[in-house]
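Structure, as structure tokens:
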Amino acid sequence: MEFPKYDMESELRRFRPLVTATARRYAGRGAEFDDLVQEGYLALLELIPRCGDPERLPLFLKNRLPARVRAAARREWRQQYVPLEDMEGTPEEPSVFVEPSFPDRAVEECLGGEDRELVILLAGGFSQKEAAERFGITQQAVSARLRMVRKRLAPLIQ
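Numbering (the numbering used here), first residue to last: 6 to 163.
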């Protein structure tokens with residue numbers, strides 16, 4: 006079977022509404038509209054030559070283009086894009102995250118062993134539920150302990 010030759014430029018213009026409508030449908034779910042339009046045009050460039058019958062091309066693209074754009078939106082969502090400017094700072098600009106400073110020795114004296122370990126776990130990114138599982142207590146008990154720790158540390162932090 007021999008594939009027909011398509012005038013790609015005119016076909017891309019012809020199916021522009023399909024690309025923009027599909028991109029608009031999946032925009033905002035982790036991917037930008039413009040990125041999805043580009044992915045749609047890339048998919049058109051790949052799909053148009055695969056269609057063997059020019060009369061069936063609109064239906065062929067209508068059935069296959071949304072899946073390609075949807076897959077691109079999923080890829081964009083997973084990538085967690087961070088602009089280079091946010092990752093690399095210049096020496097003149099202050100740091101976005103300023104580490105709070107409080108006396109470490111006084112904190113250690115104020116907290117007992119389990120309370121200190123609880124604070125370290127929570128500061129390390131563990132949730133109260135995960136800390137509760139590690140200590141073998143309920144999440145509510147962790148919350149109550151944390152409330153008591155805050156009361157004890159309040160004079161040191163202020």
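Note that CB positions come from ideal geometry on N, CA and C, so glycine has one too.
What's the C-alpha gap between residue 60 and residue 131? Walking along the sequence shown from the start, residue 60 turns up at place 55. Walking along the sequence shown from the start, residue 131 turns up at place 126. Roughly 58 angstroms between the two C-alpha positions.
Whole-angstrom C-beta distance between residue 143 and residue 136, which should lie under 8 angstroms: Position 131 of the sequence shown, counted from the start, is the residue given in the question as residue 136. Position 138 of the sequence shown, counted from the start, is the residue given in the question as residue 143. About 11 angstroms; that fails the 8 angstroms criterion.
Nearest-angstrom Cα distance between residue 28 and residue 75? On the sequence shown, position 23 is the one that residue 28 refers to. On the sequence shown, position 70 is the one that residue 75 refers to. Taking the straight line joining both Cα atoms gives about 8 angstroms.
By Cβ distance below 7 angstroms, which residues in the same chain neighbour residue 6 in space, the five residues on each side in sequence not counted? By one-based count along the sequence shown, residue 6 stands at place 1. Unreliable placement is indicated for residue 6, whose pLDDT of 49 sits below 50; no coordinate value is reported for it.
Compute the distance between the beta-carbons of residue 38 and residue 66, then report whether it is under 8 angstroms. For this step, residue 38 is matched to residue 33 along the sequence shown. For this step, residue 66 is matched to residue 61 along the sequence shown. Taking 8 angstroms as the Cβ cut-off, residue 38 and residue 66 do not qualify as a contacting pair.
Length-filtered (4 minimum) alpha helix (DSSP H) runs lying within the region 41-86: 62-84
In the DSSP assignment, find the alpha helix (DSSP H) that holds residue 120 and state where it starts and stops. The residue you call residue 120 lines up with position 115 of the sequence shown. Note, residue 120: alpha helix (DSSP H), 118-128.
Taking just the CA atoms, how far does residue 128 sit from residue 13? As a first step, residue 13 is located in the sequence shown; it is residue number 8 there, counting from the start. As a first step, residue 128 is located in the sequence shown; it is residue number 123 there, counting from the start. Taking the straight line from one Cα to the other gives about 57 angstroms.
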